[in-house]
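What the sequence shown shows, in the working numbering, is residues 1 to 323, in sequence order.
Positions of the beta carbon are idealized from the N, C-alpha and C atoms, including for glycine.
None of these values were measured; they are calculated from a predicted model.
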Amino acid sequence: MYIYEGSTRQKARPLFFNNHSIVETRKTETMGSSFWTLCLTSLLFASVAFSAPPKRAIDVPFGRNYIPTWAFDHIKYFNGESEIQLHLDNYTGTGFQSKGSYLFGHFSMHIKMVAGDSAGTVTAFYLSSQNSEHDEIDFEFLGNRTGQPYILQTNVYTGGKGDKEQRIFLWFDPTKAYHTYAILWNMYQIVFLVDNIPIRVFKNSKDLGVKFPFDQPMKLYSSLWNADDWATRGGLEKTDWSKAPFIASYKGFHIDGCEASVNAKYCDTQGKKWWDQPQYQDLDADQYRRLKWVRQKFTIYNYCTDRVRFPHPSPECKRDRDI
Ligand SMILES: *[C@@H]1O[C@H](CO)[C@@H](O)[C@H](O)[C@H]1NC(C)=O
């Protein structure tokens, strides 16, 4: 039997698509103006081109970057491994992990969640260093009875300590089509993104005495398993095994990260990759506006406001409150 301890699995996608509007603004300004402005503009164009996330191929085969972790026969492959399914049944769930370990990057996955009656199931996509004082960045999708909404839970562990859960409902049905879930992780922030919309930001709050993951390489993990002791309505709704197998589908196995050996303490290209550049060091106004929209309309739970569990909220919650 597989004992699945802890509850850290996660996923998201970046929302940095406003390079276009930056370029447009510059263009208008330079009309009929000086040589130097022109030079500056070209420079700006060049740097935007350089630091924008490259177009990511959707058809990278699973086996290029990932391997199955357990219950190999419960993973099914399609279209030359560009698409896979995880199957959960009464006997076992399954999961996979990246071959490489990474220090910083942008990690995304296209996932279609278990459809129909998914109560009791959890689908996870996350980064973890899996050592004794582990760092971890999680997306966990908690299934529900047919027609009832999934919950997306996110969490961050630093030095083996978690307890930073946030929960939201999604603004779409995640079982109907593929959606993109991504994590941006650099020296400045961890951003959780759903279809390019930031749903959570965990700022580097070292200045407030809060640990931030920066020197432990992490691998990517994903899994589908039974968690009907807690997942749906706090464990009240049990998995209906007559509906098995439960199936989650995946594509988009490209990885943008600084690959490092498991014991490395720093990344060789630190500061040089697109996800390190200034426009990824903080959200811009448009991204903050979208994040606020998610927080106001879809938040179910935030550890920062749970005074019962945490009479003294963690210091980074000061920043969380300002969003
Ligand atoms: C499942 O649906 C119920 C009823 O609408 C809701 O209270 C709950 O938050 C939903 N999600 C989960 C994962 O329990």
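Helix, strand or coil: how does DSSP classify CYS267 here? coil
So the candidates are ILE190, GLU140 and GLU316; which of them puts its Cα closest to the Cα of ILE168? GLU140
Taking contact to mean 3 or more Cβ pairs, one atom from each stretch, closer than 8 Å, check whether the segment 219–230 and the segment 86–97 are in contact. yes
Measure the CB-CB distance between GLN148 and TYR301 and report whether it falls below 8 Å. no
Nearer than 7 Å: is that true of the beta carbon of TYR324 relative to any heavy atom of ligand 1? Past the edges of the chain, shown from 1 to 323, lies residue 324, and the structure says nothing about it.
Given PRO313, which residues of its chain have a CB within under 6 Å of its CB, disregarding the five upstream and five downstream residues? CYS304
Can you tell me whether THR69 is helix, strand or coil according to DSSP? strand
Could you give the residue range of the alpha helix (DSSP H) that holds GLN287? 285–298
In the structure shown, what three-state DSSP assignment does GLY63 receive? helix
Own chain residues within Cβ distance below 7 Å of TYR150, not counting five before or after: MET113, PHE141, LEU142, GLY143, ASN144, LEU170 and PRO174
In its own chain, which residues sit with a C-beta less than 7 Å from the C-beta of THR28, not counting the 5 before and 5 after it? Confidence in THR28 is poor, its pLDDT being 31 and thus under 50, which makes the residue's placement unreliable; the coordinate value appears in the next sentence. Excluding residues within five positions, none has a Cβ falling inside 7 Å.
If you follow the beta strand (DSSP E) that ARG167 is in, where does it begin and where does it stop? 166–168
Less than 8 Å between the C-beta atoms of THR239 and PHE192, yes or no? no
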